[in-house]
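Comments concern the structure below.
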Amino acid sequence: FLSPLLADAEMLAGPDPELAATMGFSGFGKKARTFDLEAMFEQTRRTAVERSRKVLEAREREKEDQAEKEFRSPCTDSSASASSAAGARSTLSQRETASSESEDSPDEELTGPSMQSQTSAQGSAEDTDDDDDEDDEFIGPPLPPGFKDSDDDNDNDDPEEEDNNPVKKIPDSHEITLQHGTKTVSALGLDPSGARLITGGYDYDVKFWDFAGMDASLQAFRSLQPCECHQIKSLQYSSTGDVILVVSGNSQAKVLDRDGFPVMECIKGDQYIVDMTNTKGHTAMLNSGCWHPKIKEEFLTCSNDGTVRTWDVNNEKKHKSVFKPRSVQGKRVIPTTCTYSRDGKLIAAGCQDGSIQIWDRNMSVHTKFHCRQAHAPGTDTSCLTFSYDGTVLASRGGDDTLKIWDIRQFKKPLNSAERLPSFFPMTDCCFSPDDKILVTGTSVKKGGGSGKLFFFYRETFQKLYEIEVTDASVVRCLWHPKLNQIMVGTGNGLAKVYYDPVKSQRGAKLCVVKTKRKERQAETLTQDYIITPHALPMFREPRQRSTRKQLEKDRLDPMKSHKPEPPVAGPGRGGRVGTHGGTLSSYIVKNIALDKTDDSNPREAILRHAKEAEENPYWVAPAYAKTQPKTVFAEVEPEDDETDKPEWKKRKI
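Right, here's the structure in full:
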């Protein structure tokens with residue numbers, strides 16, 4: 001198909017150079033080159049065959065090396081090389097015959113190796129891969145009997161050791177400290193993904209911490225007081241992490257979004273109604289609250305009015321249902337903590353009479369399970385939490401105990417730990433992510449030692465481990481299952497995060513590796529700038545440049561950057577009068593001493609300034625400079641001798 005073009009090029013360039021120059025082909029100074037397509041195809045075929053032969057030889061050589069490593073026999077080398085040579089020759093002969101067949105049949109335009117050679121190459125590649133896998137498992141001569149590889153032993157024993165020793169699963173090798181304030185951190189909350197932490201305290205503040213956005217300075221990105229002057233009792237993210245439940249010391253729980261803006265506020269009940277079922281909301285201080293684990297719009301609160309109420313986020317005008325715990329005598333008793341079971345079907349409350357009462361969520365009249373003497377009467381049960389498998393309930397009592405219960409046999413605790421002091425009505429306990437360890441904190445008096453975090457084995461309640469947190473009480477503790485990190489709130493305003501670089505995920509690991517941001521100068525507006533895009537050019541203000549550049553220019557200006565001189569203390573110096581004290585009396589005395597004028601004659605005092613006012617008018621005179629008549633003052637008459645006048649004519653003073 002190139003022959004007509006080549007012929008035209010020869011005709012234009014060769015015989016008639018003038019015509020070629022006219023047509024624009026003067027660049028063809030020589031005769032055009034002819035191409036032999038058959039020779040080109042033959043050259044390509046030979047190159048492909050040569051390349052395939054080299055690849056096969058390399059693979060056969062690898063096989064020989066592997067066989068030598070496995071069997072260590074010199075005889076196999078010669079046989080393998082012979083077989084490889086024979087295989088290579090047979091493969092080459094097959095390819096040559098296939099190429100000759102392809103040349104003989106012009107209809108089939110096939111280039112490269114034949115299908116048979118491709119399948120043989122694929123088969124050899126698969127064999128090579130299998131051999132590589134086997135060699136990865138067994139490299140070198142077989143091991144002597146009774147010998148074990150140390151690496152294999154370590155790999156096999158590590159998981160077994162971790163299973164047998166739960167202490168190794170506690171992530172406490174590293175810690176960071178978040179400074180919430182100076183008062184007790186009484187509430188902690190982590191969203192389900194573990195990206196944000198919220199802390200609340202007795203200082204009424206709620207602070208938001210973003211692990212991904214923080215640097216090593218560990219500063220909260222937002223602080224607010226959602227409930228004004230009420231202590232924060234509980235904070236919790238919903239199951240989806242988009243809203244936050246805030247329970248404080250007032251009677252109305254609040255729901256905030258992720259950024260701290262209010263979503264809803266529960267209604268306050270009528271405190272003059274005796275039957276709490278007929279009120280729309282709580283009438284006394286709240287104690288605790290939590291979200292439903294499955295239904296994202298429902299949450300639970302308990303209060304000093306003796307009720308446990310469920311709410312819907314979309315209906316703030318009235319509660320959904322009311323549960324009223326009762327004592328043995330049937331009297332009202334105050335619930336101090338409440339929680340849902342893991343499946344959300346049960347509601348549990350710990351009461352001031354020491355009882356734990358559990359209701360079916362759909363039946364609010366009678367309890368489904370209850371234990372009257374769970375803790376000492378008159379103490380505040382500070383926490384109830386269900387295990388992840390849903391069969392075990394842990395309770396942290398105000399009687400310095402931690403107990404674990406099987407709700408199917410609710411009369412007697414499975415295990416109990418004592419001498420765990422608790423001074424706060426919200427001291428926490430929680431389960432580890434694998435459900436094998438139970439964690440709680442202890443309280444200490446000021447100067448009475450360090451608050452500790454205790455870890456108990458769930459099955460035997462043996463104390464596995466303890467962490468000395470700080471020289472104050474440990475109030476809140478939270479072990480996040482996704483992050484595998486432990487958050488602790490203390491009585492001196494600290495929120496600590498314990499983590500392990502290997503066992504933990506994200507969380508505190510994200511912020512500790514970031515360097516502190518360089519502090520920038522406070523950028524303040526030098527003057528108010530009004531943006532008027534449609535103003536006329538004569539009224540348009542010049543666009544303000546960067547504040548930082550303006551500050552740098554002001555720094556170079558000696559007038560703007562002049563530091564005000566401090567007031568002179570003591571006697572005056574440098575031409576400045578010294579101060580004589582900072583009181584009002586000293587100021588008055590100083591001014592009286594400086595004022596030497598005698599104002600006994602008011603007329604003279606006024607006329608003293610007449611000449612200056614006439615020469616340099618300032619206030620009124622300039623406005624009437626052309627129309628004002630010349631001022632004429634009365635002349636002073638000499639006083640007559642009034643001694644000769646009768647008494648009734650004398651001037652009375």
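Numbering of the sequence shown is given in UniProt numbering, commencing with residue 1 and proceeding in unit increments. Positions of the beta carbon are idealized from the N, C-alpha and C atoms, including for glycine. Computed from a prediction, not measured in an experiment: that's the story for all the values here.
Check: Count Cβ pairs between the region 188-206 and the region 459-474 that sit closer than 8 angstroms; are there 3 or more?; Outcome: no
Check: Would you call residue 456 buried or exposed, if buried means 16 or more other Cβ atoms sit within 10 Å of its Cβ?; Outcome: buried
Check: Considering only C-alpha positions, which residue in the set 271, 232, 587 and 564 is nearest to residue 425?; Outcome: 232
Check: Taking 8 angstroms as the cut-off, does the region 227-243 touch the region 534-553 (at least 3 CB pairs, one atom from each stretch)?; Outcome: no
Check: Go to residue 337, then tell me how far its beta strand (DSSP E) extends in each direction, as first and last residue.; Outcome: 335-340
Check: Which value, in whole angstroms, describes the spacing of the CA atoms of residue 405 and residue 498?; Outcome: 28 angstroms
Check: Suppose the cutoff is 7 angstroms on Cβ atoms and the five residues either side in sequence are ignored; what does the same chain contact list for residue 352 look like?; Outcome: 333, 334, 336, 378 and 380
Check: Please report the straight-line C-alpha distance between residue 289 and residue 169, rounded to a whole angstrom.; Outcome: 30 angstroms
Check: State yes or no: is the beta carbon of residue 424 nearer than 8 angstroms to at least one beta carbon in chain D?; Outcome: Any reference to chain D falls outside this structure, which holds one protein chain only.
Check: Closest to residue 635 by C-alpha separation, out of 484, 603 and 617, would be which residue?; Outcome: 603
Check: DSSP state of residue 49, grouped into three classes?; Outcome: helix
Check: For residue 286, list the residues DSSP reports as bridge partners.; Outcome: 303
Check: For residue 191, which residues from the same chain have a beta carbon less than 6 angstroms from its beta carbon, with the 5 sequence-adjacent residues on both sides left out?; Outcome: 237 and 241
Check: When you compare the CB positions of residue 328 and residue 264, do they come within less than 8 angstroms of one another, or not?; Outcome: no
Check: Going straight from the alpha carbon of residue 654 to that of residue 205, what length do you get?; Outcome: As displayed, the chain neither begins before 1 nor continues past 653, which places residue 654 out of reach and without an answer.
Check: Determine the direct distance from the alpha carbon of residue 489 to that of residue 496, and round the result to whole angstroms.; Outcome: 7 angstroms
Check: Just confirm the distance between the C-beta atoms of residue 217 and residue 516, as a whole number of angstroms; I'd bet it's less than 8 angstroms.; Outcome: 5 angstroms
Check: Starting from the Cα of residue 657, find the closest Cα among 428, 631, 57 and 180 and give me that residue.; Outcome: With the chain covering 1 to 653 only, the question about residue 657 has no answer from this structure.
Check: Starting from the C-beta of residue 307, find all residues in its chain whose C-beta is less than 6 angstroms away, skip the five residues before and the five after it, and write them out in chain order.; Outcome: 276, 322 and 324
Check: What did DSSP end up calling residue 547 once you bin it into helix, strand or coil?; Outcome: helix
Check: Helix, strand or coil: how does DSSP classify residue 415 here?; Outcome: strand
Check: Measuring only the C-alpha atoms, how far is residue 285 from residue 173?; Outcome: 40 angstroms
Check: In whole angstroms, what is the alpha-carbon distance linking residue 446 and residue 436?; Outcome: 33 angstroms
Check: Which residue comes first and which comes last in the beta strand (DSSP E) that contains residue 530?; Outcome: Residue 530 -> no beta strand (DSSP E), and no H or E assigned at all.
Check: Beta carbon of residue 303, beta carbon of residue 319: below 8 angstroms?; Outcome: no
Check: When the distance is taken between beta carbons, is residue 220 closer than 8 angstroms to residue 208?; Outcome: yes
Check: By how many angstroms is the C-alpha of residue 294 removed from the C-alpha of residue 271?; Outcome: 32 angstroms
Check: Between the Cα of residue 385 and the Cα atoms of 399, 181, 291 and 305, which residue gives the shortest distance?; Outcome: 291
Check: Once the 5 residues before and after residue 481 are set aside, which same chain residues still bring their CB inside 7 angstroms of it?; Outcome: 433
Check: Using the rule of at least 16 other Cβ atoms within 10 Å of the residue's Cβ for burial, across every protein chain shown, is residue 86 buried or exposed?; Outcome: Confidence in residue 86 is poor, its pLDDT being 46 and thus under 50, which makes the residue's placement too unreliable to answer from.
Check: What residue range is occupied by the uninterrupted alpha helix (DSSP H) comprising residue 438?; Outcome: Residue 438 -> not in any alpha helix (DSSP H); beta strand (DSSP E) instead, spanning 437-441.
Check: Please list the terminal residues of the continuous beta strand (DSSP E) segment that includes residue 496.; Outcome: 494-499
Check: Taking the alpha carbon of residue 176 as the reference point, which residue from 509, 624 and 69 has its own alpha carbon closest?; Outcome: 509
Check: In chain order, which continuous runs of the beta strand (DSSP E) of length 3 or greater are located wholly inside the region 217-257?; Outcome: 222-224, 232-237, 243-248 and 254-257
Check: With DSSP run on the structure shown, which of helix, strand or coil describes residue 463?; Outcome: strand
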